[in-house]
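In UniProt numbering, the protein residues as written are 1 to 207.
Take a look at the structure set out below.
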DNA sequence: CAGTCCCA
DNA sequence: TATA
């Protein structure tokens, strides 16, 4: 009766534990270097300027940013330092080659840092000009309650408790699905020095 | 155009 | 607080 209870929608792929502990530690070290060069900033909602609860930065030739004045967009430089974003770590490029099924490399890797009380409302990733390429998402640190819906905001949703090292892929018919983070479970990982979660999302921006 | 804000 |  109900739609598939266990199966994921076409194009959605959940790869638990894709990175083992050593690989996760290497990824965190790489991200620490990215953050040293491109400091975390607080993204703000268009028009209202309301701060989001995550802090973010990017690596790659383009980075996703948002502010009160100009809204959501990709740009080649950090909004506060004006410098180009640092390169995407090799391990993430290798992941993209493995799971994306897309010939060209990702242009953007958005780095979102979630403090224990940070959330991300249901939204679509649709600021790219290339929807044939999937979005590839990596979880590091504390577990989170991740919600995924369908391509319409009112579609029913399912929740997953994601753990450090897990990978989620949104491609094909699921490229534009709504998704968000309802809560962080502090203290559920020892990967990071303090409680919190890092999410990395790889995107192809231009065809 | 707005939006991942908020909140029901 | 720095964390990343």
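Using N, Cα and C, we set each Cβ at its ideal position, and we do this for glycine too.
Closest to residue i by C-alpha separation, out of the options, would be which residue?
i, options, result
"residue 73", "36, 80, 116 and 64", "64"
"residue 140", "28, 155, 161 and 22", "28"
"residue 58", "96, 77 and 121", "77"
"residue 114", "160, 183 and 173", "183"
"residue 122", "40, 47, 39 and 52", "52"
"residue 167", "91, 206, 156 and 186", "91"
"residue 126", "60, 163, 176 and 101", "176"
"residue 48", "69, 41, 42 and 100", "69"
"residue 39", "79, 50 and 102", "79"
"residue 15", "100, 42 and 41", "100"
"residue 23", "157, 156, 124 and 94", "94"
Report buried or exposed for residue i, applying the criterion of at least 16 other Cβ atoms within 10 angstroms of its Cβ.
i, result
"residue 81", "exposed"
"residue 179", "buried"
"residue 161", "exposed"
"residue 55", "buried"
"residue 132", "exposed"
"residue 197", "buried"
"residue 151", "exposed"
"residue 204", "buried"
"residue 277", "This structure does not reach residue 277, given that the chain is present from 1 up to 207, and the question cannot be answered."
"residue 111", "buried"
List the DSSP bridge partners of residue i.
i, result
"residue 180", "147"
"residue 199", "112 and 139"
"residue 12", "170"
"residue 63", "75"
"residue 160", "146"
"residue 105", "Partner(s): none; residue 105 has no beta bridge."
"residue 58", "110"
Residues in the same chain with beta-carbon distance under 6 Å from residue i, minus the five sequence neighbours each way, listed in chain order, please.
i, result
"residue 171", "11 and 134"
"residue 89", "30"
"residue 61", "107"
"residue 46", "71"
With the cut-off set at 8 Å, would you say residue i and residue j are in Cβ contact?
i, j, result
"residue 200", "residue 144", "no"
"residue 20", "residue 44", "no"
"residue 202", "residue 25", "no"
"residue 142", "residue 188", "yes"
"residue 96", "residue 84", "no"
"residue 159", "residue 146", "yes"
"residue 137", "residue 9", "no"
"residue 148", "residue 13", "no"
"residue 32", "residue 165", "no"
By Cβ distance below 8 Å, which residues in the same chain neighbour residue i in space, the five residues on each side in sequence not counted?
i, result
"residue 98", "none"
"residue 75", "62, 63 and 65"
"residue 186", "116, 142, 195 and 196"
"residue 104", "133 and 204"
"residue 102", "96, 132, 133, 134 and 204"
Which residues in the same chain as residue i place their Cβ atom closer than 7 Å to its Cβ, once the five residues preceding and following it in sequence are excluded?
i, result
"residue 37", "86"
"residue 35", "57"
"residue 206", "107, 129 and 130"
"residue 119", "53, 181, 182 and 183"
"residue 41", "55, 56, 57, 79 and 80"
Hey, would you say the C-beta of residue i is under 7 Å away from at least one heavy atom of the ligand ZN?
i, result
"residue 58", "As far as ligands go, the structure on display features none, and thus does not contain the ligand ZN."
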